[in-house]
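Peer 1: Take 1 as the starting number for the sequence shown in the working numbering and just add one per residue. The beta-carbon is built from N, C-alpha and C at its ideal position, and this holds for glycine as well. All of these numbers come straight from a predicted model, not from anything done at the bench. This is the structure, below, for whatever I ask next.
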Amino acid sequence: MGLKENIQSMMTQVQGLKAVNAEELEALRIKYLSKKGEITALFNEFREVPNEQKRELGQLLNQLRQETESRIAALKEQIAQSQEARAERLDLTRTPDPIALGTRHPLSLVREEIIDIFSRIGFTVAEGPEVEDDKHVYGMLNFAPEHPARDMQDTFFIEKEKGVQKPTDVLLRSHTSSVQTRVMTNQKPPIRVLCPGRVYRNEAISARAHCFFHQVEGLYIDKNVSFADLREALLYFSKEMFGPETKIRLRPSYFPFTEPSAEMDISCDLCGGKGCSFCKGTGWVEILGCGMVDPNVLEACGIDSKQYSGYAFGMGVERIANLKYRVKDLRLFSENDVRFLRQFESC
Ligand code: PHE
Numbered sequence: 001m002g003l004k005e006n007i008q009s010m011m012t013q014v015q016g017l018k019a020v021n022a023e024e025l026e027a028l029r030i031k032y033l034s035k036k037g038e039i040t041a042l043f044n045e046f047r048e049v050p051n052e053q054k055r056e057l058g059q060l061l062n063q064l065r066q067e068t069e070s071r072i073a074a075l076k077e078q079i080a081q082s083q084e085a086r087a088e089r090l091d092l093t094r095t096p097d098p099i100a101l102g103t104r105h106p107l108s109l110v111r112e113e114i115i116d117i118f119s120r121i122g123f124t125v126a127e128g129p130e131v132e133d134d135k136h137v138y139g140m141l142n143f144a145p146e147h148p149a150r151d152m153q154d155t156f157f158i159e160k161e162k163g164v165q166k167p168t169d170v171l172l173r174s175h176t177s178s179v180q181t182r183v184m185t186n187q188k189p190p191i192r193v194l195c196p197g198r199v200y201r202n203e204a205i206s207a208r209a210h211c212f213f214h215q216v217e218g219l220y221i222d223k224n225v226s227f228a229d230l231r232e233a234l235l236y237f238s239k240e241m242f243g244p245e246t247k248i249r250l251r252p253s254y255f256p257f258t259e260p261s262a263e264m265d266i267s268c269d270l271c272g273g274k275g276c277s278f279c280k281g282t283g284w285v286e287i288l289g290c291g292m293v294d295p296n297v298l299e300a301c302g303i304d305s306k307q308y309s310g311y312a313f314g315m316g317v318e319r320i321a322n323l324k325y326r327v328k329d330l331r332l333f334s335e336n337d338v339r340f341l342r343q344f345e346s347c
C-alpha cells in the first residue's frame with residue numbers, strides 16, 4: 001500500500017475511535033500522536049516521497065492529524081460529561097442503608113445454651129467425624145453384629161466401591177456416642193465431655209422425624225460415679241433450661257451401651273404437670289436417654305471397668321428447641337425460610 005492509501009485508511013480508523021475513560025483515551029493519543037505514534041510514522045515516510053506528490057499528501061496528512069486531534073478532544077469532553085452525570089447521581093451525603101444482619105439459628109441457640117449449662121459443672125466439648133466406621137458407632141458401644149438394636153438406629157452406608165452397597169463399614173454416624181468412644185480411647189479418666197453434632201438416621205421425613213438431626217451427648221467417667229450423680233446432673237440441667245419449677249422422672253429403658261438405662265421426662269411446663277394436650281394428658285414430656293456406661297463399653301475403649309464407672313446421656317437439640325419454642329414441625333429447622341428464622345432474632 002502506498003502512503004496515500006495508508007493515510008486514507010487511518011482516517012477511517014480515527015473517525016471511529018472510542019474510549020470510555022481517561023486511561024483509554026491517553027492510550028489512543030500515544031498510539032497515534034506521540035513521537036513513536038502511527039501518524040508521526042506517516043510523517044516520517046512523507047519525507048521520502050517525490051516532490052510532485054508532496055503538496056497533495058502533505059494536505060492529507062495535516063488533515064489526518066487535525067481529525068485525530070479533534071476526535072480525541074471530543075472523546076475527552078464526552079468522558080468528562082459522563083463523569084459529571086455519575087457524580088450527580090451519587091449522593092455522597094446520604095446515610096448508608098443499614099447492613100442486613102442475619103440471626104442465630106434456633107438450633108445453634110439451643111445447642112449453645114445446653115453447652116453453657118453443662119460447662120458450668122465442668123464439662124468440655126469434644127467433636128468427631130460425621131462419616132464414621134461401624135466400630136465407633138456400633139461395635140465398641142456393645143451393639144452385637146445383627147442385633148435388632150441396630151435397626152433402631154439404622155443409618156446411611158457409604159459405598160466403598162461404586163455400585164457395591166452393603167456390607168460396608170463406612171457410614172454416617174447415627175448418634176454422637178461415636179465421639180465418646182473416640183474420647184474414651186484417647187484420654188484417661190476422669191473424663192467429662194459433651195459431644196454436640198449432626199447425626200443421621202434412615203427415617204421417612206415427616207413433621208416428627210428427619211433423616212438428620214442434632215444431638216448433644218454427655219459422658220462422665222471417674223472413680224465411684226453413681227446413678228445418683230447422673231440424676232443430680234440432669235435435674236440441674238433441666239431446672240437451668242426450663243425453669244426452677246421443673247421436675248424430672250426417670251423411666252427404665254434399653255440402650256446397648258448403658259446398664260441400667262433410662263429415658264428422662266420433664267414436667268410439662270405448659271400445664272405445670274396437670275395434664276394438657278401438649279403432654280397428652282400425662283403431665284410429662286420425654287427429653288433424653290441416659291444410663292450408666294456398660295462395663296463392656298469401658299473395656300472396649302481400654303478403661304478398667306473395675307476401677308472406673310461413668311454415666312452418659314444424649315438429647316436431640318431439635319426436641320429441646322421444640323419444647324422451648326413450641327415448633328410443631330421439625331422440617332422448619334432445615335428449610336431456611338427467613339420468615340421462620342427471623343422470629344428468633346431476640347432470643
Ligand atoms: N445415643 C443415644 C441415642 O442416640 C442416646 C443416649 C446417649 C442414651 C447416652 C443413653 C446414653 O439415642
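Could you check whether the Cβ of residue 181 sits closer than 6 Å to any heavy atom belonging to the ligand PHE?
Peer 2: No, the beta carbon of residue 181 sits no closer than 6 Å to any heavy atom of the ligand PHE.
Peer 1: Using only alpha-carbon positions, find the residue among 290, 291 and 323 that is nearest to residue 284.
Peer 2: Checked all of 290, 291 and 323; the closest Cα to residue 284 is 323.
Peer 1: In or out: residue 62 buried (at least 16 other Cβ within 10 Å) or exposed?
Peer 2: Exposed, by the Cβ-count rule.
Peer 1: I need the straight-line Cα distance from residue 259 to residue 292, nearest angstrom please.
Peer 2: Going from the Cα of residue 259 to the Cα of residue 292 covers about 5 Å.
Peer 1: Verify whether the separation of the beta carbon atoms of residue 332 and residue 318 is less than 7 Å.
Peer 2: Taking 7 Å as the Cβ cut-off, residue 332 and residue 318 do not qualify as a contacting pair.
Peer 1: Of all the options 265, 288, 96 and 289, which has the alpha carbon lying nearest to the alpha carbon of residue 279?
Peer 2: Checked all of 265, 288, 96 and 289; the closest Cα to residue 279 is 265.
Peer 1: Beta-carbon within less than 7 Å of residue 223's beta-carbon, same chain only, minus the 5 sequence neighbours each way: which residues are those?
Peer 2: Excluding sequence neighbours, residue 223 sits near 307 and 308.
Peer 1: Take residue 22 as the anchor and find which of 81, 52 and 272 has the nearest alpha-carbon.
Peer 2: That would be 81, whose Cα lies nearest to the Cα of residue 22.
Peer 1: Going by DSSP, which residues form a beta bridge with residue 266?
Peer 2: For residue 266, which the question treats as bridged, DSSP gives the partners 248 and 285.
Peer 1: Would you check if the distance between the CB atom of residue 315 and the CB atom of residue 216 is smaller than 7 Å?
Peer 2: Yes, Cβ-Cβ distance for residue 315 and residue 216 is below 7 Å.
Peer 1: Relative to the C-alpha of residue 141, which residue among 175, 336 and 54 is closest?
Peer 2: Measuring from the Cα of residue 141, the nearest candidate turns out to be 175.
Peer 1: With DSSP as the reference, please indicate the residues paired to residue 214 in a beta bridge.
Peer 2: Beta-bridge pairing links residue 214 to 198.
Peer 1: Pull up the distance between the alpha-carbon of residue 69 and that of residue 56, whole angstroms please.
Peer 2: The alpha-carbon atoms of residue 69 and residue 56 are separated by roughly 20 Å.
Peer 1: Between which two residues does the beta strand (DSSP E) holding residue 133 run?
Peer 2: 131-133 is the extent of the beta strand (DSSP E) around residue 133.
Peer 1: For residue 260, name the three-state secondary structure that DSSP assigns.
Peer 2: Residue 260: strand per DSSP, three-state reduction.
Peer 1: Can you find a heavy atom of the ligand PHE that lies under 6 Å from the Cβ of residue 227?
Peer 2: Result no, Cβ not under 6 Å from the ligand PHE.
Peer 1: Any heavy atom of the ligand PHE closer than 6 Å to the CB of residue 313?
Peer 2: Under cutoff, so the answer is yes.
Peer 1: Can you look up residue 232 in the DSSP assignment and give me helix, strand or coil?
Peer 2: Note: residue 232 maps to helix in three-state DSSP.
Peer 1: From the DSSP output, read off the bridge partner residues of residue 29.
Peer 2: DSSP, once it has assigned bridges, lists no residue as partnering residue 29.
Peer 1: Any idea if residue 303 is buried or exposed, counting beta-carbon neighbours within 10 angstroms, 16 or more meaning buried?
Peer 2: By the 10 Å Cβ count, residue 303 comes out buried.
Peer 1: Just reading off the beta strand (DSSP E) that residue 325 is part of, what are its end residues?
Peer 2: Element bounds for residue 325: not the beta strand (DSSP E) but the alpha helix (DSSP H), 317-325.
Peer 1: Look up residue 49 in the DSSP assignment and say whether it is helix, strand or coil.
Peer 2: Coil at residue 49, not helix or strand.
Peer 1: Could you tell me which of 198, 16 and 281 sits nearest to residue 74, measuring between CA atoms?
Peer 2: Considering only alpha carbons, the answer is 16.
Peer 1: Under three-state DSSP, which class holds residue 155?
Peer 2: It is coil, neither helix nor strand.
Peer 1: Just verifying my parser: in three-state terms, what is the DSSP assignment at residue 178?
Peer 2: Here residue 178 sits in helix by DSSP.
Peer 1: How about residue 237: is its Cβ closer than 6 Å to a heavy atom in the ligand PHE?
Peer 2: It does not: the Cβ of residue 237 is nowhere closer than 6 Å to a heavy atom of the ligand PHE.
Peer 1: Pick helix, strand or coil for residue 303, following the three-state DSSP scheme.
Peer 2: Coil, per DSSP.
Peer 1: Going by CA-CA distance only, name the one from 287, 289, 312 and 286 that's closest to residue 298.
Peer 2: Among 287, 289, 312 and 286, the Cα nearest to that of residue 298 belongs to 312.
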